[in-house]
Structures are given as structure tokens and as C-alpha cells.
Amino acid sequence: MNKVRQLDDVIEDLKDGATIMLGGFLSVGTPLKCIEKIVKKGVKDLTLISVVNTYPGKYDLYETGGFDLAPLFANNQVRKMITAHTGTCAEAVQAMKEGKLEIEFFPMGSWIEKIRAGGAGLGGVLTPTGIGTLMEEGKKVLEINGKRYLLELPLRAEFAFINGYRADPLGNIEYRGIGLNTNPTIAMAADYTVAEVNEIVGVGDIDPLRVGTPSVFVKAVVQGYTLAERQDVFRDMWVKTGRIKVPAAAE
Amino acid sequence: MEAKDLIARRAALELADGEIVNLGFGMPTEVANHVPAGVNVVLQSENGCLMFGPTPVLGKQDADIGNAGGQPITLLPGASIFDLATSFCIIRGGHVDTTILGALEVDQEGSIANWAMPVAPGKYSPGMGGAMDLVTGAHKVVAVLQHNDKKGGSKVLKKCSLPVTGKGVLKTIITEKAVFDVTPQGLVLKEIAEGLTPETLRDVTDADFTVDPGLCRYRLPN
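One line per chain: the protein sequences are F and S, in this order.
Per my numbering, the very first residue in the first sequence carries number 23; after that it's consecutive.
Per my numbering, the very first residue in the second sequence carries number 468; after that it's consecutive.
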């Protein structure tokens with residue numbers, strides 16, 4: 023079995039109106055090459071499921087301009103977003119004001135558990151988070167042993183795009199650092215999971231205990247930036263957006 | 468000293484040695500710079516690590532090591548990395564001792580509003596991120612905010628006007644003018660800034676409060 027595909031071919035299957043999940047957290051652990059291709063293909067009316075919105079700083083990585091999730095909103099490709107936070111994306115907030123974008127908020131811990139439930143075949147999860155807030159609206163409240171919980175329903179997507187460090191052709195994924203974040207959960211909750219990785223290695227090269235997402239969840243493996251390229255992107259991005267100070271002598 | 472700086476310094480006194488701590492963004496992030504000597508806390512970043520350290524110097528950053536604000540961080544010896552679901556097991560499951568969160572408003576019932584500003588009727592931004600889980604699961608929730616808005620209106624209210632992040636969840640409220648404990652009987656004034664009396668504080672505070680018999684001056688770390 024060989025799940026390695028060309029990214030262009032994978033994105034060819036993505037149609038207007040699709041529901042997609044993106045792994046990553048403000049660009050760390052985010053499948054940047056996949057997003058770049060989705061932006062260039064220009065698919066519209068997407069329902070986008072991402073834990074937060076875009077990296078909070080202007081940086082031009084894609085040839086279309088922009089970085090992380092921002093171009094998807096600048097190009098009006100998203101009809102609905104399901105997230106815990108959108109304040110980092112001025113384009114999204116503006117689209118929401120104009121009625122072009124619907125945003126459905128969930129507390130971050132509920133958001134990830136809904137997706138875990140979606141991947142795990144559960145009918146939902148009970149959480150105390152959100153009791154006594156707007157989150158209660160339209161949801162079932164269950165009392166268990168005298169404590170009130172909200173029923174949060176499972177969440178799935180047609181496509182999940184995750185980011186990993188290494189993959190083998192079977193689709194086993196090894197993660198690296200805090201780039202782990204939402205990726206292993208999202209990987210389980212889509213009909214078609216695409217893993218963008220820094221490096222594609224041979225079967226048997228990843229220690230079984232280091233497999234963060236077992237191959238069973240992955241349909242396609244695509245080559246992303248190499249680790250060295252990704253390090254260069256983030257070094258440049260963090261310097262240009264003022265997150266790392268350059269010593270005077272090094273300028 | 469600027470109000471924000473005062474608040475961050477005072478909030479650092481809320482942390483005890485050995486605690487697992489989650490700091491929100493903005494003013495709370497600054498609290499880490501003022502933790503008193505001898506107090507060692509374990510900081511959590513909710514995107515998936517425990518025991519992170521300062522911002523790296525150029526050349527020591529790693530594309531896969533960033534915090535929940537998208538900024539590069541370093542990991543201290545003893546750090547751990549985990550996925551987001553595990554991170555919120557730590558938060559919701561009661562494994563965080565103290566969280567310090569910025570607030571738009573707080574009220575005398577111990578509610579905090581910090582996620583929703585109206586952008587259009589029924590539509591809000593920026594979103595709650597991990598704050599709703601933190602106020603639900605952390606043992607001690609501390610709100611930090613400036614006492615008054617730019618027009619002088621009180622942000623310490625009888626009742627929050629914005630959608631709340633959590634109802635009755637606060638233990639302590641810290642502004643640049645005062646420190647309040649939240650009790651079942653309401654707010655209790657514990658510390659007050661130089662130049663203010665409980666009476667003059669009432670003039671700039673919407674919430675009702677009682678005065679602790681041991682009321683003292685606003686404390687700051689040495």
C-alpha cells in the first residue's frame with residue numbers, strides 16, 4: 023500500500039461547499055502547503071473547522087499574499103467557521119459584521135472533545151464548561167449526580183488536513199514538538215484525512231511507539247516543507263512580525 | 468508605575484510555590500516576569516505543554532515550539548508536550564491550581580466576561596478560546612483588569628453587561644486600585660491603592676463591597 027499522493031491531485035477532489043478541518047494552532051503545526059493550495063484553487067462556501075483563526079501578524083508566505091488561515095478569509099472562501107477564537111483575523115471579523123461569514127463558537131475544550139467524539143464513534147460528550155453562559159442556548163442540559171452538564175454533539179468533516187513531522191507510505195504519522203496540538207484528534211474525524219509532513223520515510227523507519235496517528239486514520243500523505251525549510255519560514259516570520267528580537271550586531 | 472504594570476506585579480503574589488498555573492494573554496502573560504524569588508510555578512500553555520520558559524533568542528527558536536499566542540517559546544528541563552485534548556483534560560479535569568485571566572468586566576457575584584464583544588446584533592468576537600474551560604476547571608480563578616474604562620465607567624459591576632465567560636467562578640479580582648476577594652456574601656475589599664479610601668473607591672466602583680477588618684495597602688512583590 024502506498025498512500026503518498028501529489029498535493030495538487032488531492033486538492034483537485036476538494037469542491038465548493040465542502041466541510042474541512044485544519045490542524046494546527048496559529049500556524050504552529052498547521053499544514054501550510056495544503057492551505058496554500060486551497061487558497062490557489064479558490065474553492066468557495068467552505069465550512070472551516072479550526073481551533074483558532076489565523077496567526078496574529080501580517081506575513082507574506084503564499085504567493086497570493088498572507089499567511090496561515092488569513093488568505094482563506096481575505097478571498098471570501100469560508101461561509102462558516104466552527105472555532106473557539108477568531109479575534110486574530112480582521113478579515114473574518116469584518117466578514118462576520120457584513121453577514122458573509124457565520125461563526126459558531128465552542129469553548130476550546132468542548133471543541134476538541136466534539137471532534138474526538140466524532141472520530142471515536144461517540145454520541146457526544148457531557149461537559150460542565152459553558153453552564154451558565156450563552157453556550158447553553160439550544161443545547162440539552164443533563165444533571166448527573168447533582169451536577170449540570172451540557173451535551174456537546176460530535177463533529178466530523180469531509181476532509182481533514184493535518185501536519186506532521188514524518189510519515190511512511192502506509193500513513194503512519196510522527197509528530198514533532200507542540201506542532202502536535204489538534205492534529206491527532208482531527209486526523210480521526212474526517213472521511214478523508216490528508217497528512218502533510220516534513221519528510222516521507224520508509225515503512226518501519228518510525229518507531230511504533232512514536233506513531234502519533236496510526237495509518238488507519240490517514241488516506242493520503244503529501245510532502246510539505248522540509249523541516250529545514252519550515253524552520254526558515256518560521257524564523258523569518260517570527261522576526262518580521264516582531265516575536266523574536268534581532269540583536270543589533272546580527273542585523 | 469502604569470496601571471497594567473501594577474496589576475501584573477500584584478497578581479504575581481497570587482501564585483504559590485509548586486502550583487500548576489495557566490496565564491491568559493495580555494496583562495496575565497506579564498505576571499510571569501514578577502513571580503517572587505523562591506516561588507517556582509509550572510506554567511501551562513493550553514496548546515499543549517507544561518513548563519515553558521522565556522522567549523528564545525534568535526537562533527534558538529523552533530518552528531514546532533510556540534505558545535497559544537503563536538509566539539516562539541522555550542521549554543525548561545522537565546517540560547512535557549501533549550495534544551490539545553490532553554491539555555484540556557488538565558484544565559477541565561481540575562489539575563490546574565491557579566489561572567489568571569484578563570477581563571472586560573467582572574461583577575459582585577464573581578462572574579467574569581472576557582470573550583464576547585458585540586460586532587453585530589447577536590454576533591460576537593473574539594471568542595472564548597480556552598477561558599471557559601479554565602474558569603470551570605481551575606481551583607482558583609483570578610481576574611485582572613483596569614478598574615475603570617476610558618470614560619471612567621466602572622468595570623467592577625453589580626452585574627456583567629456582556630455575555631459571561633463563567634458565572635460565579637472568581638475567587639479574586641485585582642485592579643490597579645484594589646484587590647477584592649469574592650465570597651458568598653459578595654465582594655470583600657482586602658487591599659487598596661495609595662491615595663484612596665474605601666469611600667473614594669466606592670465613587671469609582673459600581674459593585675457593592677464590604678471592607679475587610681484587616682484592610683491593607685496594595686501589596687507588591689519586593
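We treat Cβ as the ideally placed atom computed from N, Cα and C, and that holds for glycine.
For F:Gly87, the nearest beta carbon of chain S is not closer than 9 Å to its own beta carbon. Listed in chain order, the non-local C-beta contacts of F:Gly39 below 7 Å within the same chain comprise Asp67, local neighbours out to five positions each way being set aside.
Per the DSSP secondary-structure output, F:Glu124 pairs in a beta bridge with F:Lys102. Contact of F:Lys119 with chain S by beta-carbon distance below 7 Å involves Val586, Ala587. In this structure the region 164 to 174 of chain F does not touch the region 195 to 215 of chain F; the number of beta carbon pairs closer than 8 Å is below three. When the beta-carbon positions are compared, S:Thr632 and S:Met595 come within less than 9 Å of each other. In this structure, the beta-carbon distance from S:Pro539 to S:Asp550 does not fall below 9 Å.
Secondary structure of F:Asn205 (DSSP, three-state): helix.
From the listed residues S:Ile567, S:Gln511, S:Gly537, S:Gly526, the smallest Cα separation to S:Arg476 is found for S:Ile567. With respect to S:Ile641, S:Ala499 sits apart: the two C-beta atoms are not nearer than 9 Å. The region 586 to 625 of chain S contains, as complete alpha helix (DSSP H) runs of 4+ residues, the segments 598 to 604 (chain order). Here F:Ala270 is exposed: its Cβ has fewer than 16 other Cβ atoms, across all protein chains shown, within 10 Å.
Inclusion of S:Ala483 and S:Val506 in the CB contact set at 9 Å is warranted, their separation being smaller than that value. For S:Thr522, there is no enclosing alpha helix (DSSP H), as DSSP gives it neither H nor E.
Sequence-distant partners of F:Thr151 (beyond 5 residues in either direction) whose C-beta falls short of 8 Å from its own C-beta, in its chain, are Pro129, Gly131, Ser132, Met157, Leu172. The beta carbon of S:Val671 sits closer than 8 Å to the beta carbons of His614, Asn615, Gly619, Ser621, Lys644 from its chain, once the five residues preceding and following it are set aside; these are given in chain order. One alpha carbon belongs to F:Glu180, the other to F:Ala212, and they sit about 5 Å apart. Judged by beta-carbon spacing, F:Gly45 lies within the 9 Å limit of F:Asn203, meaning their Cβ atoms are closer than that value.
Distances from the CA of F:Glu159 to each of F:Phe183, F:Arg198, F:Asn185, F:Glu126 were compared; the closest alpha carbon is that of F:Glu126. Cβ neighbours of S:Lys471 within its own chain (closer than 6 Å, five residues either side excluded): Met494. DSSP places F:Phe89 in the coil class of the three-state scheme, outside both helix and strand.
Within the same chain, Cβ atoms closer than 6 Å to the Cβ of S:Ser512 are found at Phe519, Asn534, Ala535, the five residues on either side in sequence being excluded. Against chain F, the CB of S:Ala552 has a partner CB under 9 Å away; the residue lies at that interface. Close partners of F:Gly199 in chain S (Cβ separation under 7 Å): Asp529, Asp531, Ile532, Ile548.
For F:Glu85, the number of other beta carbons within 10 angstroms of its own is below 16, and it is reported as exposed. Following the DSSP letters along the chain, one finds F:Ile42 in no alpha helix (DSSP H) but inside the beta strand (DSSP E) bounded by residues 41 to 44.
Put simply, the CB of F:Gln253 is near chain S, with a gap under 9 Å to one of its CB atoms. Think of a sphere of 7 Å around the beta carbon of F:Thr204: the chain S residues whose beta carbon falls inside it are Leu551, in chain order. Interface criterion not met: the Cβ of F:Ala217 is under 9 Å from no Cβ in chain S. Listed along chain S are Arg559, Asp600, Thr603, each with a C-beta nearer than 9 Å to that of F:Thr149. Under the Cβ criterion of 9 Å, S:Gln652 is not counted among the residues facing chain F. Going by beta carbons, S:Gly569 and S:Leu624 fall outside the 9 Å limit. With distances taken between CA atoms, S:Gly515 lies nearest to F:Val50 out of F:Pro93, F:Val50, F:Val243. Residue S:Ser592 holds the alpha-carbon nearest to the alpha-carbon of F:Thr105 among S:Ser578, S:Val563, S:Gly526, S:Ser592. Against F:Arg188, chain S offers no close residue; the least beta-carbon distance is about 12 Å (beta-carbon pairs closer than 7 Å).
Judged by beta-carbon spacing, S:Glu658 lies within the 9 Å limit of S:Cys683, meaning their Cβ atoms are closer than that value.
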